[in-house]
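My numbering applies: residue 14 is where the sequence shown begins, and numbers increase by one.
Here a beta-carbon is modelled for each residue, glycine too, at the ideal position from N, C-alpha and C.
Some notes on the structure that comes next.
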Amino acid sequence: MSYACALCGKKSQVGNQVTIRGKAKYLGGVGTKVTGITRRRFKPNLQSVRTQINGTVRKLMVCTQCIKSGKVTKPVKNKPFRLPTASAS
14 MSYACALCGK KSQVGNQVTI RGKAKYLGGV GTKVTGITRR RFKPNLQSVR
64 TQINGTVRKL MVCTQCIKSG KVTKPVKNKP FRLPTASAS
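In structure tokens form, the structure reads like this:
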């Protein structure tokens, strides 16, 4: 199973980690220098969530943006409480 969102398909991206040393000129230094560039991976923030899909409850790995936007419907754990109805006698 790949490390990707089950709903939107968001997955890892690659980029650079840039290492900088020195003091900025506006702070009184001689300027900053790039001392190293290495490849790195940017991973999505995936969470394991119980979701209800077509009446069945499943666990999916979903990114937090899909959870916040309302694309995930969480199952109802308990039936809502209802007051007993008074019978007319």
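Look at Val-85 and Val-62 and say whether their C-beta atoms are less than 8 Å apart.
Residue 85 sits at position 72 when you count from the first residue of the sequence shown. Residue 62 sits at position 49 when you count from the first residue of the sequence shown. Cβ atoms of Val-85 and Val-62: closer than 8 Å.
Looking at Val-31 and Val-47, is the spacing between their C-beta atoms short of 8 Å?
Locating residue 47 in the sequence shown gives position 34, counting from the first residue. Locating residue 31 in the sequence shown gives position 18, counting from the first residue. Yes, they are a contact pair.
Going straight from the alpha carbon of Leu-73 to that of Gly-35, what length do you get?
Counted from its first residue, the sequence shown places residue 73 at position 60. Counted from its first residue, the sequence shown places residue 35 at position 22. Their Cα atoms are separated by approximately 45 Å.
Ile-80 to Gly-22, Cα distance in whole Å?
Here residue 80 is taken as the residue at index 67 of the sequence shown, counted from 1. Here residue 22 is taken as the residue at index 9 of the sequence shown, counted from 1. Spanning the two alpha carbons is a distance of roughly 13 Å.
Taking just the CA atoms, how far does Lys-56 sit from Cys-18?
Residue mapping note: residue 18 aligns to position 5 of the sequence shown, counting from 1. Residue mapping note: residue 56 aligns to position 43 of the sequence shown, counting from 1. So the alpha carbons of these two residues sit roughly 11 Å apart.
Which of the three DSSP states is assigned to Cys-79 in this structure?
Position 66 of the sequence shown, counted from the first residue, corresponds to residue 79. Here Cys-79 sits in helix by DSSP.
Can you give me the start and stop residues for the beta strand (DSSP E) that Phe-94 sits inside?
By 1-based counting over the sequence shown, the position of residue 94 is 81. Where Phe-94 is concerned, there is no enclosing beta strand (DSSP E), given that its DSSP letter is neither H nor E.
Using CA coordinates, which residue listed in Ile-33, Leu-59, Gln-60, Gly-83 is at the minimum distance from Gly-49?
Mapped onto the sequence shown, residue 49 falls at position 36. Ranking the options by Cα distance to Gly-49, first place goes to Ile-33.
Decide if Val-70 is buried, meaning its Cβ has at least 16 other Cβ atoms within 10 Å, or exposed.
Residue 70 sits at position 57 when you count from the first residue of the sequence shown. Its Cβ having fewer than 16 others within 10 Å, Val-70 is exposed.
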